[in-house]
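Data first, discussion second: the structure below is written as structure tokens.
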Amino acid sequence: MFEFLLKRIASILPTLVVVSMLIFGLQQLLPGDPAKILAGEEQDPTVVAYLRAKLHLDEPLPVRYGYWIGGVLQGDLGESVRTQQPVLTLVLQKLPVTLELALLAMTIALLIGIPAGIVSAVGRGTAWDTAANVLALWGISTPNFWLGILMIMLFSVQLGWLPASGYVSPFEDLGANLAAMIMPAFVLGNAIAAVLMRHTRSAMLQVMSADYVRTARAKGLSERVVVLKHALRNALTPIITLGALELGTLLSGAVLTEQVFTIPGFGKLIVDAVFNRDYAVVQGVVLVTATTYIVLNLLADLAYFAANPRLRH
Amino acid sequence: MMKKSLAAALLVAGLAHAQTLPNLRVGLAEDPDVLDPTLARSFVGRLVFSALCDKLVDVDDKLAIVPQLAQSYEWSADSKALTMKIRPGVTFHDGEKLDAAAVKFNLDRHKTMPGSNRRGELGPVASIDVVDPMTVRLNLSAPFTPLLAILSDRAGMMVSPKAAQAAGDKFGLKPVCSGAFKFVERVAQDRITLERYDGYWNKAAINFAKVTYTPIPDATVRLANLKSGQLDFIERVASSDVEKLEIEKKFKVSRITEIGYQGITINIGKSDKAQQNPLGRDPRVREAFELALDRQGLAQVVMDNEAKIGNQWVAPSNAYYAKNMPLPKRDVEKARALLKAAGVPNPSFTLVAPTTSDAQRIALVIQAMTRDAGFDVKIQSAEFATSLNMADKGDFDAYVLAWSGRPDPDGNLYSFHGCKQPLNYAGYCSADTDKLLDQSRAERDPAKRKKLFEQIAAQILKERPVIYLYHRNWLWAYNPKLSGVREIPDGLLRISGLKLAP
Numbered sequence: 334m335f336e337f338l339l340k341r342i343a344s345i346l347p348t349l350v351v352v353s354m355l356i357f358g359l360q361q362l363l364p365g366d367p368a369k370i371l372a373g374e375e376q377d378p379t380v381v382a383y384l385r386a387k388l389h390l391d392e393p394l395p396v397r398y399g400y401w402i403g404g405v406l407q408g409d410l411g412e413s414v415r416t417q418q419p420v421l422t423l424v425l426q427k428l429p430v431t432l433e434l435a436l437l438a439m440t441i442a443l444l445i446g447i448p449a450g451i452v453s454a455v456g457r458g459t460a461w462d463t464a465a466n467v468l469a470l471w472g473i474s475t476p477n478f479w480l481g482i483l484m485i486m487l488f489s490v491q492l493g494w495l496p497a498s499g500y501v502s503p504f505e506d507l508g509a510n511l512a513a514m515i516m517p518a519f520v521l522g523n524a525i526a527a528v529l530m531r532h533t534r535s536a537m538l539q540v541m542s543a544d545y546v547r548t549a550r551a552k553g554l555s556e557r558v559v560v561l562k563h564a565l566r567n568a569l570t571p572i573i574t575l576g577a578l579e580l581g582t583l584l585s586g587a588v589l590t591e592q593v594f595t596i597p598g599f600g601k602l603i604v605d606a607v608f609n610r611d612y613a614v615v616q617g618v619v620l621v622t623a624t625t626y627i628v629l630n631l632l633a634d635l636a637y638f639a640a641n642p643r644l645r646h
Numbered sequence: 005m006m007k008k009s010l011a012a013a014l015l016v017a018g019l020a021h022a023q024t025l026p027n028l029r030v031g032l033a034e035d036p037d038v039l040d041p042t043l044a045r046s047f048v049g050r051l052v053f054s055a056l057c058d059k060l061v062d063v064d065d066k067l068a069i070v071p072q073l074a075q076s077y078e079w080s081a082d083s084k085a086l087t088m089k090i091r092p093g094v095t096f097h098d099g100e101k102l103d104a105a106a107v108k109f110n111l112d113r114h115k116t117m118p119g120s121n122r123r124g125e126l127g128p129v130a131s132i133d134v135v136d137p138m139t140v141r142l143n144l145s146a147p148f149t150p151l152l153a154i155l156s157d158r159a160g161m162m163v164s165p166k167a168a169q170a171a172g173d174k175f176g177l178k179p180v181c182s183g184a185f186k187f188v189e190r191v192a193q194d195r196i197t198l199e200r201y202d203g204y205w206n207k208a209a210i211n212f213a214k215v216t217y218t219p220i221p222d223a224t225v226r227l228a229n230l231k232s233g234q235l236d237f238i239e240r241v242a243s244s245d246v247e248k249l250e251i252e253k254k255f256k257v258s259r260i261t262e263i264g265y266q267g268i269t270i271n272i273g274k275s276d277k278a279q280q281n282p283l284g285r286d287p288r289v290r291e292a293f294e295l296a297l298d299r300q301g302l303a304q305v306v307m308d309n310e311a312k313i314g315n316q317w318v319a320p321s322n323a324y325y326a327k328n329m330p331l332p333k334r335d336v337e338k339a340r341a342l343l344k345a346a347g348v349p350n351p352s353f354t355l356v357a358p359t360t361s362d363a364q365r366i367a368l369v370i371q372a373m374t375r376d377a378g379f380d381v382k383i384q385s386a387e388f389a390t391s392l393n394m395a396d397k398g399d400f401d402a403y404v405l406a407w408s409g410r411p412d413p414d415g416n417l418y419s420f421h422g423c424k425q426p427l428n429y430a431g432y433c434s435a436d437t438d439k440l441l442d443q444s445r446a447e448r449d450p451a452k453r454k455k456l457f458e459q460i461a462a463q464i465l466k467e468r469p470v471i472y473l474y475h476r477n478w479l480w481a482y483n484p485k486l487s488g489v490r491e492i493p494d495g496l497l498r499i500s501g502l503k504l505a506p
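From first to last, the protein sequence lines are chains A and B.
623 is the number that this note's numbering gives to position 290 of the first sequence; each next residue is one higher, with no gaps.
180 is the number that this note's numbering gives to position 176 of the second sequence; each next residue is one higher, with no gaps.
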């Protein structure tokens, strides 16, 4: 097991190097001259020339990569050309916000998705199954931004229970933080819950027909023990993989929800940076997201061992 | 003793006043760029600057120049020097004094700082003299009437020399100006917080303790925040929401005709492509194209009528609108006849439209309208950065482009129609027009200047490098308890004089 883990950890470094090259290289494919976009409405030629020199745009690609990766290795992700703020500061400002949103959304997704999947598998063909499937269909087919705007209209404008948008740090005011986060977390969690439910259902159905489950039943174990201890544990492996991937996606993919609820998170940061051709910000944020993604996958591997003892040997 | 207790009582009263002042919460349509007046590039940043950084002069609701940090100004007889008297007793947010030396420092900074976006605007300013501690003289290389209007924007904003020298090119992270509010903090894409500056020269007109600017790009969400009471004021309300807001009467609405415009830029000489297409090649085809347009219909479909139609770089209500070139009416028959005379009854060209919803709608409506006259318009959608690149390279036939506008007509005109100017995407170049443009910059008499603009309009509108469509309304919605909202055509909210009733 430890050998496997060491191998996994050792593979992270080359992965990150390749990822950093991809981030840098792919970004160059974006059409449009970043210096011209950043020069604003006036398009003053001296400003364009200044920005081009500042961003090293006239130098060959490998040299520019060298400038960037050299800074990154020293902990300097560069600065936003648009606002002058250091990218590291921006990342540190946004990462906790997005992490909180992602974790809350994931908690909601797990609380809805897994129980619904189990109920649907165990009660296959019953009204429970149909209800869970309808729930999943609703979750998958509801666009995030639409659900978000409807929730704002209902809970903020009509009822006045929750703030329409914005973000308050939990260290400033936990109540206000949760009030601001509950709607976006639900909107995001709702969609993932649907996917989790479908996967839990199919994994459970597969496991429930396995021989060892029949053996467990034959031993006279209660249905609860059979389902939760014997079946679910084995069904969890694909669900953990999916959960880790979904969590990773949430880090950068919550952009529409962040936009609707004006949550100053990663998604909003990166989309704005791409449209403004603020290269340093795009590179910094994608690198951090990719690193987090890789770490989450490593954690998922660890979780397999916890969930499935057979893998330990 | 008596004096002391009186002073203490006044201090307590002052503090109590400051504590009871409400906060103002403003919803912006975008996140501003860098908060350094020298480097700033975005329109939305100017909204924040209007509370943060005072300018040498300001404009009023008729776009006339009014004093701000400069109490008075005087042109030399040859229009080559502008002398300004600085308002006494003004301090920056760090307590430093604003005097002639500080003004010189700022204008020099605008002119020399690497990456300065003000350098071009202040190009004709050759040198700045400190005449006496409170008088400054701007010496020009050539007469330049638009200078005052330029000084009513970011080029006229004064920052603390001490803070600017200490912070270098990082000044925008913590700007120190002399406006009614001082900078507290900025969380990118979340908020910019400003706090009342007690040393402000006109503090009696300031009725808020704090101002918070929150960028909310989605107009529906911005409005929802106003409706749920989280914001007091929002800018750029969606035109489709205005009618309902006015019927409901729960919020006040302001509509101000912008100083900018929406237009179609046509490649008539930017690249070889101009000659490859009848639209770029033949002025008759461009005239036919304009005659095929129903501007009012366009404004109705695209802007829900929240725009004033126009055919020039300034709106028909502007004092410098050239009345000799009135708005043409749609005339499909004449358009067809012109196309026939040009030998291209069914000209085809590509219209590049940025992916914003307004530009896309404009392109679709134009496509439908001009089909009646025989045009075959192909729409090419391109994300803004890409479209700008295409325009710059001359890789387009026609391009949907808007301009946010400047208070003086020169700011909407010179860079777009002067030969080889940076914003001249059409590639229009005429020695006669250039001469007239230079004369309009040198002339200070408004009546004579108007005549020059009429001649310029006659030249440019005949060639049609840009077909002007309309001037959008700045749409604001705000808490009905908010009073003193001044509707100034530059679209910037002035906080001085604003009041929020309890």
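For every residue, glycine included, the Cβ atom is placed at its ideal position computed from N, Cα and C.
Cβ-Cβ separation, B:Leu355 to B:Ile531 (assumed contact under 8 Å), whole Å:
Any property of residue 531 of chain B remains undetermined from this structure, which presents chain B solely from 5 to 506.
**Prompt:** Start and end of the alpha helix (DSSP H) containing B:Ser275?
**Reply:** Careful: B:Ser275 lies outside any alpha helix (DSSP H) and carries neither H nor E.
Discussion item. Any C-beta of chain A within less than 7 Å: which residues of the region 191 to 205 of chain B qualify?
Written reply: Per Cβ criterion, the list reads Val191, Ala192, Gln193 and Asp194.
- Message: I want to verify the contact list: residues of chain B whose CB lies under 7 Å from the CB of A:Met486, in sequence order.
- Response: Within 7 Å Cβ-Cβ: Ala228.
Per the DSSP calculation, B:Asp133 is bridged to which residue(s)?
Beta-bridge pairing links B:Asp133 to B:Arg141.
The alpha helix (DSSP H) with B:Ser120 in it runs from where to where? First-last for B:Ser120: undefined, no H or E at that position.
message: Does B:Val107 pass the burial test, meaning 16 or more other C-beta atoms within 10 Å, or should it be called exposed?
response: Classification for B:Val107: buried.
Worksheet item: Between the region 28 to 58 of chain B and chain A, which residues of the former have CB atoms less than 7 Å from a CB of the latter, in chain order?
Response: Result list: Asp35, Asp37, Val38, Arg45 and Ser46.
Thinking C-beta only, is A:Leu434 closer than 8 Å to A:Met530? The answer is no: Cβ separation not under 8 Å.
Backbone CA spacing between A:Lys601 and A:Leu371 [nearest angstrom]: Looking at the two C-alpha atoms, the distance is approximately 18 Å.
Item to complete: Run the CB neighbour count on B:Leu15, radius 10 Å, all protein chains shown included, and call it buried at 16 or more, exposed below.
Response: Unreliable positioning characterises B:Leu15 in this predicted model, as indicated by a pLDDT of 49, which lies under 50. The coordinate reading is nonetheless provided below. Exposed is the call here.
| query | Is the Cβ of B:Asp112 closer than 8 Å to any Cβ of chain A? | reply | No, no contact with chain A.
Determine, for B:Asn121, whether the minimum Cβ-Cβ distance to residues of chain A falls below 8 Å. Judged by the 8 Å Cβ criterion, B:Asn121 is in contact with chain A.
*the region 421 to 438 of chain A in contact with the region 577 to 591 of chain A per 3-pair CB rule at 8 Å*: Because the criterion of three Cβ pairs below 8 Å is met, the region 421 to 438 of chain A and the region 577 to 591 of chain A touch.
ask   = Helix or strand or just coil, what does DSSP make of A:Arg415?
value = Reduced to three states, the DSSP call for A:Arg415 is coil.
Exercise. Return the chain-ordered list of same chain residues with a C-beta closer than 6 Å to the C-beta of B:Phe109, the five sequence neighbours on each side being excluded.
Key: Pro165, listed in sequence order.
Practice task
Could you tell me which chain B residues have their CB closer than 7 Å to the CB of A:Asp377, listed as they occur along the chain?
Solution key: Within chain B, the residues Asn121, Arg123, Gly124 and Pro426 have their CB atoms less than 7 Å from the CB of A:Asp377, given in chain order.
Inset, instruction - Anything in the region 246 to 280 of chain B with a Cβ closer than 7 Å to a Cβ of chain E? List those residues in chain order, please. - result: The structure shown contains no chain E; its protein chains are A and B.
| field | A:Ala640 beta carbon less than 8 Å from that of A:Arg566 | value | For A:Arg566 and A:Ala640, yes; Cβs fall inside 8 Å.
- Could you tell me which chain A residues have their CB closer than 9 Å to the CB of B:Gly444, listed as they occur along the chain? Note that residue 444 of chain B is Ser in the sequence shown, not Gly. Those do not exist, as B:Ser444 stays about 20 Å from chain A at its closest Cβ, beyond 9 Å.
Notebook entry, point to check: Residue range of the alpha helix (DSSP H) that A:Phe638 falls in?
Noted result: That run of the alpha helix (DSSP H) goes Tyr612 to Ala640.
query: Using the beta-carbon of each residue, which ones in chain A are nearer than 8 Å to B:Gly176?
result: Neighbours of B:Gly176 on chain A, chain order: Thr416 and Gln417.
- When the distance is taken between beta carbons, is B:Arg490 closer than 8 Å to B:Asp236? With respect to the 8 Å criterion, B:Asp236 and B:Arg490 are not classified as neighbours on the basis of their beta carbons.
Legend entry - A:Val560 versus A:Ala636 - alpha carbon distance: Going from the Cα of A:Val560 to the Cα of A:Ala636 covers about 20 Å.
Three-state secondary structure (DSSP) of A:Pro523: Here residue 523 of chain A turns out to be Asn, not Pro, going by the sequence shown. Helix, per DSSP.
Which residues does DSSP list as the beta-bridge partners of B:His475?
According to the DSSP secondary-structure assignment, B:His475 is paired through a beta bridge with B:Lys312.
State yes or no: is the beta carbon of B:Ser83 nearer than 8 Å to at least one beta carbon in chain A?
Residue contact check for B:Ser83 against chain A: no CB pair falls below 8 Å.
Within chain A, partners of B:Pro221 - CB distance below 7 Å:
In chain order: Gln592.
Self-check item: Within the region 401 to 473 of chain B, ranges of the beta strand (DSSP E) (whole runs, at least 3 residues)
Solution: Within the region 401 to 473 of chain B, the complete beta strand (DSSP E) runs of at least 3 residues are 402 to 407.
Terminal residues of the beta strand (DSSP E) in which A:Ala564 lies: No beta strand (DSSP E) holds A:Ala564; DSSP gives it neither H nor E.
Three Cβ pairs or more, each shorter than 8 Å: is that satisfied between the region 303 to 313 of chain B and the region 477 to 490 of chain B? Segments in contact, yes.
ask   = Does B:Asn393 get closer than 8 Å to chain A when you measure Cβ to Cβ?
value = At least one chain A Cβ lies under 8 Å of B:Asn393.
Rounding to the nearest angstrom, what Cα-Cα distance links B:Tyr472 and B:Ile154 in this structure?
Each residue's alpha carbon lies about 23 Å from the other.
Quiz item: Would you call A:Met354 buried or exposed, if buried means 16 or more other Cβ atoms sit within 10 Å of its Cβ?
Solution: Exposed, by the Cβ-count rule.
For B:Val48, which of B:Arg240, B:Ala372, B:Ser145 and B:Phe96 has the nearest alpha-carbon?
Each of B:Arg240, B:Ala372, B:Ser145 and B:Phe96 was checked against the Cα of B:Val48, and the nearest Cα belongs to B:Arg240.
Just to confirm the assignment, what range does the alpha helix (DSSP H) spanning B:Lys174 have?
Per DSSP, B:Lys174 is not a residue of any alpha helix (DSSP H), being assigned neither H nor E.
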